[in-house]
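Each remark here refers to the structure printed beneath this line.
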Amino acid sequence: MRLSSPSSCPFCEVDHTDNGDLKNRIVFQDEEIIVFHDMKPASSMHLLVIPRNHIPANVKSLTIKDKPLLQHMIKTGRNILKQAKYSRKNIRLGFHIPPFLTINHLHLHCLGLPFRNKLVGIKYVNGSLWYKSADKIMRRLNGSKRSRKSKRLSKNEESGSDVESRREVSENGTGVESRRVSENGTGVESRREVSENCTGVDDDGGEEQQQTQGQLEESNSHRDIS
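Dropping the structure here:
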């Protein structure tokens, strides 16, 4: 489909048109957005919400910076339909997805159901390839923010792990850990433990050995006397 360019965009002309019919279709406007009745309504009430500034219609290219504008568009469209006495279940808000659109200016469809006929309703099926609900687009924007935050946290965690790994490798590399192994390997600690045990300082078994040695000496002494 051929899309409109900013120079030939009919939605960019809504704000300064001399067309009386189009002006009469405007139901709300402020510094950021304009809301007006669709020229070919698909439902009993069909509004379009557009930003005053020309923004390409591809919602997939929206970023977290566009979130405040998108929230304002959605809230305004929903409130107007509520004021028109449409219940929550009969309100449908969404965007067409390229290439299933003809005007390349971001616009939100605000539908007060029922549809005029079943055939036209096919164009606004939530979750289809050509149409996504406004809530889904908002979740995608929120998800992209969380995703970037998760990536930053993941990078920080990986960086922290690398530091710890390098520290461990460095310690082993400089022989700090291996020195402990070397001490055990050369028997330094072992000899110290054996020596301490023999003197009965740290091991209860050493005291028993000391007592046994004393008994033997006493026995030998009796033997010498006899």
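Going by the numbering used here, the first residue of the sequence shown is number 278, and it counts up by one from there. Ideal Cβ placement from N, Cα and C applies to all residues, glycine included. Being a predicted model, the structure only gives us computed values, none of them experimental.
Check                                                                                                                           : Outcome
Residue 320 burial status per 10 Å Cβ neighbour count (16 or more: buried)                                                      : buried
Cβ pair residue 350, residue 310 closer than 9 Å                                                                                : yes
For residue 334, the nearest candidate out of 286, 304, 366 and 291 (CA to CA)                                                  : 286
N- and C-terminal bounds of the beta strand (DSSP E) containing residue 409                                                     : 408-410
Residue 391, enclosing beta strand (DSSP E) - first and last residue                                                            : 385-392
Rounded distance between the beta-carbons of residue 313 and residue 353, thought under 8 Å                                     : Their Cβ separation, rounded to whole angstroms, is 12 Å, which puts residue 353 and residue 313 out of contact at 8 Å.
Straight-line gap, residue 420 to residue 297 (C-alpha atoms, nearest Å)                                                        : 42 Å
Start and end residues, beta strand (DSSP E) containing residue 328                                                             : 320-328
Secondary structure of residue 331, DSSP reduced to three states                                                                : coil
Cut-off 7 Å between Cβ atoms - residues of its own chain near residue 367, not counting five sequence neighbours on either side : 389 and 390
Top-ranked residue by Cα proximity to residue 325, from 342, 383, 293 and 343                                                   : 383
Classification of residue 322 by the beta-carbon crowding that lies within 10 angstroms, buried from 16 upward                  : buried
Every unbroken alpha helix (DSSP H) within the stretch 329-366, with a cutoff of 4 residues, ordered by chain                   : 344-360
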